[in-house]
Amino acid sequence: SHLLALAPRGAAVRLEADPLLETTDRYGRLLRYVLRNGMNVNLELVRRGAAAPYYYRGERGTIANELWAAVRAARAEKRGLWGACPGTPLQPERAIDTGTSGPPSSKGFSGGTCDPSYVGVCIPPPPPDLDCSDFKKQGFSRITVVGADPHRLDGDHDGVACK
């Protein structure tokens, strides 16, 4: 909800690469700052406690100091995830893990790791290989593919699986 408040659907945003960092991650996803009306949405999400800094491969970009100051303030004031999940470790070299399930990873298959190629539902990496019928049985109608698609759910490669 914080993201939609800062960048509502249909709002004009600009994606900006950090000149000190890689431009894509190992899945081919763009690594960018999201800017709207001059505001860095990434930084604002960290200020609100709705996100935490993650330094891909440990590399710090041009706003690393601002991100660190913002997360320390949010944590001290127990904003967002820092109030809801106070035991969450702050380890910017690792992806955040609150120790609880929540949207979107609370949906989908249980009992394991979610493959980062899919958004909106937790899909474990193979094996086993899963098909669209496995998700339709659970009532999922839209799955976004942002990575390698190891289950081959996006037949036409448009970023939407199981149409």
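If you count the sequence shown from 1, you need to add 7 to reach this note's numbering.
No residue lacks a Cβ here, since even glycine has one placed at the ideal position from N, Cα and C.
Remember, it's a predicted structure, so these values are computed and weren't measured experimentally.
Within a Cβ cutoff of 8 Å, which residues of the same chain sit near E66, ignoring the five residues on either side of it in sequence?
Within the sequence shown, residue 66 is the residue found at index 59, counting from 1. Excluding residues within five positions, the ones whose Cβ falls inside 8 Å are L27, L28 and E29.
In chain order, what residues of the same chain have a beta carbon less than 7 Å from the beta carbon of R36, not counting five sequence neighbours either side?
Counting from one through the sequence shown, the residue named residue 36 turns up at place 29. Around R36: V153 and G154.
Would you list the residues sitting across from E23 in a DSSP beta bridge?
For the purposes of this step, residue 23 is identified with residue 16 of the sequence shown, where counting begins at 1. Its beta-bridge partners are Y40.
Alpha carbon to alpha carbon, how far is L50 from P99?
Reading the sequence shown from its first residue, position 43 is the one you call residue 50. Reading the sequence shown from its first residue, position 92 is the one you call residue 99. Computed Cα separation, rounded: 14 Å.
Measuring straight from C-alpha to C-alpha, what distance separates L11 and I130?
Sequence index remark: in the sequence shown, residue 11 carries index 4 (1-based). Sequence index remark: in the sequence shown, residue 130 carries index 123 (1-based). Answer to the nearest angstrom: the Cα atoms are 24 Å apart.
Looking at the unbroken beta strand (DSSP E) that takes in V153, where does it start and where does it end?
Here residue 153 refers to the residue found at position 146 of the sequence shown. Run containing V153: none; DSSP gives neither H nor E here.
Taking only the alpha-carbon atoms, compute the straight-line gap between A19 and T31 and give it to the nearest angstrom.
Taking the first residue of the sequence shown as 1, we reach residue 19 at position 12. Taking the first residue of the sequence shown as 1, we reach residue 31 at position 24. Cα to Cα, A19 sits roughly 22 Å from T31.
Apart from the five residues on each side of it in sequence, which residues of its chain come closer than 6 Å, Cβ to Cβ, to I150?
Walking along the sequence shown from the start, residue 150 turns up at place 143. Answer for I150: Y125, G127, V128, A168 and C169, listed in chain order.
Residue span of the alpha helix (DSSP H) that contains S8, given as start and end
Mapped onto the sequence shown, residue 8 falls at position 1. Element bounds for S8: n/a, residue is neither H nor E.
Kindly give me the distance between the Cβ atoms of V41 and A14, rounded to whole angstroms, as I take these residues to be in contact under 8 Å.
For this step, residue 41 is matched to residue 34 along the sequence shown. For this step, residue 14 is matched to residue 7 along the sequence shown. That belief holds up - the Cβ atoms of V41 and A14 are roughly 6 Å apart, short of 8 Å.
For the alpha helix (DSSP H) containing G90, name the first residue and the last one.
Locating residue 90 in the sequence shown gives position 83, where the first residue counts as 1. Its alpha helix (DSSP H) spans residues L88 to A91.
Cα separation between R64 and I70?
As a first step, residue 64 is located in the sequence shown; it is residue number 57 there, counting from the start. As a first step, residue 70 is located in the sequence shown; it is residue number 63 there, counting from the start. If you take the alpha carbons of R64 and I70, they lie about 16 Å apart.
Residue(s) in a DSSP beta bridge with N47:
Taking the sequence shown and counting its residues from 1, one reaches residue 47 at position 40. In DSSP, N47 forms a bridge with L42.
Between the Cα of G68 and the Cα atoms of D25, M46 and N44, which residue gives the shortest distance?
Along the sequence shown, one-based indexing puts residue 68 at 61. The candidate whose alpha carbon is nearest that of G68 is D25.
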